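>
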Amino acid sequence: METANGQRILIVDDEDTLARLMQALLEHLGYAVDRAADGEKALQMGAQRSYSAVICDLLMPILNGMELFRIWQHQAPELAQRVIFVTGDNLGDRTNRFVELSGQPCLYKPFDIKELTATLDKVTGVYAGS
Amino acid sequence: MTLTEPKLEGEASSIKSRNTEPPPAPRAGSNERLSRLSYEMRLMLLGAALGVGIVLYSVLPAIAYFIALTLVLIALVAASFVLDIRQSSWLIGGTVALMHVAWIAFALQFTGHLASPLLPLLYLVVVIYSIYATSAQTGLVVGGAVVALSAQALVMGTASSNVLFTLAAHSILLIAISWIVSKYMTQLYQAHNTARHKARRYWEMSESSDDALLVVDPAWRVQEANTTAASMLGNGDGPHLEGKNLLELLQLRHPERLRRYQDQILAGESISEILLTTTGGNGTPHTLLFSALPITEESQITTINVAIRDITELCQTQRDLKHLEKFVAVRHVLTSLGHILNNPLATIRMSIQVAEVIGEEPDWHEIVRQLDRCDAAVRGIEVYATGRDEGIPVADVNEILNQALLLTNAHLLITGVQLETDIPPKLSLAHANCHSLFHSFVNVITYAWQTLEDWPGLRKLRIAARRRFEGVEIVFRMTGPSPEPGEVPELLKGSEAIEESQDKFMDMGLPVVYSTVQQAGGQVLVSPNRQESGTLVKIILPAANEQEVEQYQSIRGSVTK
Numbered sequence: 098m099e100t101a102n103g104q105r106i107l108i109v110d111d112e113d114t115l116a117r118l119m120q121a122l123l124e125h126l127g128y129a130v131d132r133a134a135d136g137e138k139a140l141q142m143g144a145q146r147s148y149s150a151v152i153c154d155l156l157m158p159i160l161n162g163m164e165l166f167r168i169w170q171h172q173a174p175e176l177a178q179r180v181i182f183v184t185g186d187n188l189g190d191r192t193n194r195f196v197e198l199s200g201q202p203c204l205y206k207p208f209d210i211k212e213l214t215a216t217l218d219k220v221t222g223v224y225a226g227s
Numbered sequence: 017m018t019l020t021e022p023k024l025e026g027e028a029s030s031i032k033s034r035n036t037e038p039p040p041a042p043r044a045g046s047n048e049r050l051s052r053l054s055y056e057m058r059l060m061l062l063g064a065a066l067g068v069g070i071v072l073y074s075v076l077p078a079i080a081y082f083i084a085l086t087l088v089l090i091a092l093v094a095a096s097f098v099l100d101i102r103q104s105s106w107l108i109g110g111t112v113a114l115m116h117v118a119w120i121a122f123a124l125q126f127t128g129h130l131a132s133p134l135l136p137l138l139y140l141v142v143v144i145y146s147i148y149a150t151s152a153q154t155g156l157v158v159g160g161a162v163v164a165l166s167a168q169a170l171v172m173g174t175a176s177s178n179v180l181f182t183l184a185a186h187s188i189l190l191i192a193i194s195w196i197v198s199k200y201m202t203q204l205y206q207a208h209n210t211a212r213h214k215a216r217r218y219w220e221m222s223e224s225s226d227d228a229l230l231v232v233d234p235a236w237r238v239q240e241a242n243t244t245a246a247s248m249l250g251n252g253d254g255p256h257l258e259g260k261n262l263l264e265l266l267q268l269r270h271p272e273r274l275r276r277y278q279d280q281i282l283a284g285e286s287i288s289e290i291l292l293t294t295t296g297g298n299g300t301p302h303t304l305l306f307s308a309l310p311i312t313e314e315s316q317i318t319t320i321n322v323a324i325r326d327i328t329e330l331c332q333t334q335r336d337l338k339h340l341e342k343f344v345a346v347r348h349v350l351t352s353l354g355h356i357l358n359n360p361l362a363t364i365r366m367s368i369q370v371a372e373v374i375g376e377e378p379d380w381h382e383i384v385r386q387l388d389r390c391d392a393a394v395r396g397i398e399v400y401a402t403g404r405d406e407g408i409p410v411a412d413v414n415e416i417l418n419q420a421l422l423l424t425n426a427h428l429l430i431t432g433v434q435l436e437t438d439i440p441p442k443l444s445l446a447h448a449n450c451h452s453l454f455h456s457f458v459n460v461i462t463y464a465w466q467t468l469e470d471w472p473g474l475r476k477l478r479i480a481a482r483r484r485f486e487g488v489e490i491v492f493r494m495t496g497p498s499p500e501p502g503e504v505p506e507l508l509k510g511s512e513a514i515e516e517s518q519d520k521f522m523d524m525g526l527p528v529v530y531s532t533v534q535q536a537g538g539q540v541l542v543s544p545n546r547q548e549s550g551t552l553v554k555i556i557l558p559a560a561n562e563q564e565v566e567q568y569q570s571i572r573g574s575v576t577k
């Protein structure tokens, strides 16, 4: 697998174990990784730092992924374009409708790490290119 | 709906079935529709009047002639009543014709010649118009007569004041009588016409109704019935219903319900309607909506109007809808389950793959923990789907609340509902069916997220539980729209369908909660959330007794082993 050149990724997920595992993987691949357990923390971190990509769970307490994305669409549209959604709500109409309308990639749990890295490459590649 | 129609002149007042010929159409006011017989009769009467006038004049002195003329006029009026002739125009025409005769008589007597040949023509025009008039044009006819008389007086001159006096007296009297009679008869005719129109409309409405409409006497014997009633209660043959008792005609499964209703109606109690189940001719059950309206005269119930609607198809549709709702509910549950399982599955997969990439041993403890999460979710769904429980009415409220939250948490998150819990770790074991209680909790939480799904304000659900005297109290406090005071009981009250439901564990909604908790001897209170807008659902469950607790613990022990 290719490694990233110090690009910074933000993982937003209330599933602590899964978030930690993704962090370990991405750090192993050369990314710098920050974690947030809910949307509110992610919002603060997004305002403080620039991220090459944001891996964002959709269903979280306090401020969920959908609300976070909508805020970023208004406040930080460039960051909103670098969001990769992850969700376990694979059958939910509301979730699927939202993902479709957002135009952002989404990984449905349980996803393969190849899917994750491929999607991440795509998003960060676009970012690097732009 | 009132069945009794106004009784019209000439109509039979006896019992009649409504599926016979419609009443005749009202007689039209236009001349084209007048019968030939009626027209001829009018001409004959006019001729008779002329003849009588001439004869009377030739044989009677002036004062006697005047009286006789008046009597003839009264006779004509009386004849119009007897013959039921509603057009008063012919009467006025006849009156004017008599006046014409009188004029000829007076003119010949006092002047020896006809003053002007135009005057009879003028009268003739008025008479013809009055005969052919489509309705009683009183003003025009009488006005014409007045003009004619005035012209006559002018032409004749004032040679004889006696002539003028007599003419004036005749004119005033005849005009007054004509006007009064004509006006009265026109009103009578119009009223009669309106009544017939209404009767016809009423008949058509009654016959085209899909409801069975009947008029019964206070002993509930049928007096009248429409076609639908005849077909619903018999073999489509109306008259055989007459005189029969309605209770006997309806082959009810529970006749005592209707008897009670009938007693209440006769006692003057206001009751809207009741649901009845009958066994039709082919043994198929029918659901009927039965309502009765007593008609009183001088404080006595004389008749009762009954409306019966067959709502069998409607009930079937409602049942189908209920099934559809169940499918939707199952879909929600499956979606939740998918979400619950996908998170631990994703973690397990990631653990193994990341370990491979990094070259380390996977965290087997973490993997087992994630498998336990999957196991708990599957157990929860098993309880929900099959109703499997311990077989005794004892429920661990902590465990059941946790399972219900596990199942519904995804939906709370999707809909952005903030969940706050205040549940002590050791609540009393409650006296309730474990599965039903689980189902009830899921229903209340589902009700919360469904209510809050499109709520623009704060979306919050707070669940608090407490030991309370000899039981457990669980309070679900949710934001969102507040129920209206009158809405609260309806929100909770189960319909009869719920009570009779064979598979009610799959029903969604608060009525199930009400039913479950009541069966356990507990209470459900629903009220507006006073702290914030929204709804507060409070469930109070009695504690399990010692024997039940022992039994439960022994079973749990054996299950664990």
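Chains as they are written, first to last, in the numbering used here: chain V, 98 to 227; chain R, 17 to 577. A virtual CB, placed ideally from N, CA and C, is assigned to each residue, including glycine. It should be emphasised that the depicted structure is a prediction, and the values quoted were computed from it without experimental measurement.
Indicate whether L541/R and H447/R have their beta-carbon atoms separated by less than 8 Å.
Cβ atoms of L541/R and H447/R: not closer than 8 Å.
> Can you tell which of P310/R, G473/R, N459/R and A211/R has the C-alpha that lies nearest to the C-alpha of H550/R?
It is Gly, not His, that sits at residue 550/R in the sequence shown. Checking every option, the nearest Cα to that of G550/R belongs to G473/R.
> Just to make sure I have the definition right: I need the residues of chain V whose C-beta is within less than 9 Å of the C-beta of K494/R. Which are they?
At residue 494/R the sequence reads Met, which differs from the Lys that was named. Going along chain V, no residue has its Cβ under 9 Å from M494/R, so there is no contact; the nearest lies around 17 Å.
> On the three-state DSSP scale, how would you describe Q569/R?
In this structure, Q569/R counts as helix in the three-state DSSP scheme.
> Q15/R CB to nearest chain V CB: under 8 Å?
What the structure shows of chain R is the stretch from 17 to 577, and residue 15/R is not part of that stretch, so it cannot be assessed.
> On the three-state DSSP scale, how would you describe N449/R?
Of the three classes helix, strand and coil, the one that applies to N449/R here is coil, per DSSP.
> Quick one: which chain R residues come within Cβ less than 8 Å of P158/V?
Residues of chain R passing the Cβ test: L429, Q434 and L435.
> At a Cβ cut of 7 Å, what residues of the segment 169-201 of chain V count as close to chain R, listed as they run along the chain?
Per Cβ criterion, the list reads G185, D186, N187, L188, G189, R191 and T192.
> Could you tell me the alpha carbon to alpha carbon distance between N418/R and E372/R, rounded to whole angstroms?
The straight-line gap from Cα to Cα measures roughly 35 Å.
> Taking the DSSP output, what are the residues bridged to L350/R?
None, per the DSSP bridge assignment.
> Using a Cβ distance threshold of 8 Å, determine whether the segment 192-202 of chain V contacts the segment 368-384 of chain R, with at least three qualifying pairs required.
Segments in contact, no.
> Please report how far the alpha carbon of V553/R lies from the alpha carbon of S531/R, in whole angstroms.
Spanning the two alpha carbons is a distance of roughly 14 Å.
> Smallest Cα separation from H355/R: which of C203/V, T184/V, F208/V and G222/V?
Of C203/V, T184/V, F208/V and G222/V, the residue nearest in Cα terms is T184/V.
> Spatial neighbours of S452/R within its chain, please: CB distance less than 6 Å, with the 5 preceding and 5 following residues excluded, ordered by chain position.
Answer for S452/R: T532, listed in chain order.
> Hey, is D208/V's beta-carbon within less than 8 Å of any beta-carbon in chain R?
Before going further, note that residue 208/V is Phe rather than Asp in the sequence given. Yes, F208/V lies at the interface with chain R (some Cβ there is under 8 Å from its Cβ).
> Quick one: grab the DSSP three-state call for H302/R.
Here H302/R sits in strand by DSSP.
> Pull up the DSSP beta-bridge partners for I311/R, would you.
Partner(s): T319/R.
> Which residues in chain V have a C-beta closer than 8 Å to the C-beta of E382/R? List them in chain order.
Here the neighbours are T114.
> Quick one: Cα of I383/R to Cα of F485/R, how far?
Cα to Cα, I383/R sits roughly 43 Å from F485/R.
> Helix, strand or coil for E543/R? Go by DSSP, reduced to three states.
In the sequence as presented, Glu is not what sits at residue 543/R; that position holds Ser. Residue state, collapsed to three classes: strand.
> In this structure, does DSSP put Y218/R in helix, strand or coil?
Helix, per DSSP.
> Rounded to whole angstroms, how far is the Cβ of E220/R from the Cβ of T243/R, which I believe are closer than 8 Å?
Incorrect: roughly 12 Å between the Cβ atoms, too far for contact.
> Please check if any C-beta of chain R sits within less than 8 Å of the C-beta of L122/V.
Chain R contact via Cβ: present.
> Are any of the Cβ atoms in chain V nearer than 8 Å to that of I397/R?
No, I397/R does not count as interfacial toward chain V.
> Which residues of chain V have a Cβ atom closer than 8 Å to the Cβ of L350/R, listed in chain order?
Ordered by position in chain V, the residues that pass the 8 Å Cβ test against L350/R are L188.
> Is Q267/R closer than 8 Å to T295/R when the C-beta atoms are compared?
Yes; because the gap between Cβ atoms is below 8 Å, this pair is in contact.
> Going by CA-CA distance only, name the one from A426/R, N449/R and H455/R that's closest to E469/R.
For the residues A426/R, N449/R and H455/R, the minimum Cα distance to E469/R belongs to A426/R.
> Taking only beta-carbon positions, decide if T363/R is within less than 8 Å of chain V.
Yes, because at least one Cβ of chain V sits closer than 8 Å to the Cβ of T363/R.
> Could you spell out the range, first to last residue, of the beta strand (DSSP E) harbouring P558/R?
It spans T551 to P558 - the beta strand (DSSP E) in which P558/R sits, taken as one unbroken run.
> Applying the criterion that 16 or more other CB atoms from any shown protein chain within 10 Å of the CB defines a buried residue, is K206/V buried or exposed?
Buried, because 16 or more other Cβ atoms sit within 10 Å of the Cβ of K206/V.
> Can you confirm whether L107/V, when its beta carbon is compared against all beta carbons of chain R, has any partner nearer than 8 Å?
Not closer than 8 Å to any Cβ of chain R, the Cβ of L107/V fails to qualify, so no.
> Count the other CB atoms within 10 Å of the CB of L340/R; is the residue buried (16 or more) or exposed (fewer)?
So L340/R counts as exposed.
> Quick check: the segment 459-469 of chain R against the segment 487-497 of chain R, are at least 3 beta-carbon pairs closer than 8 Å?
In short, these stretches touch, since the Cβ pair count reaches three.
> By DSSP's criteria, E436/R is part of a beta bridge. Which residues make up the other side?
In DSSP, E436/R forms a bridge with R478/R.
> Give me the Cα-Cα distance between L213/V and D388/R, rounded to the nearest whole angstrom.
So the two alpha carbons sit approximately 26 Å from each other.
> Given a threshold of 16 other Cβ atoms within 10 Å of its Cβ, counted over all protein chains shown, does T351/R qualify as buried or as exposed?
Its Cβ being crowded by 16 or more others within 10 Å, T351/R is buried.
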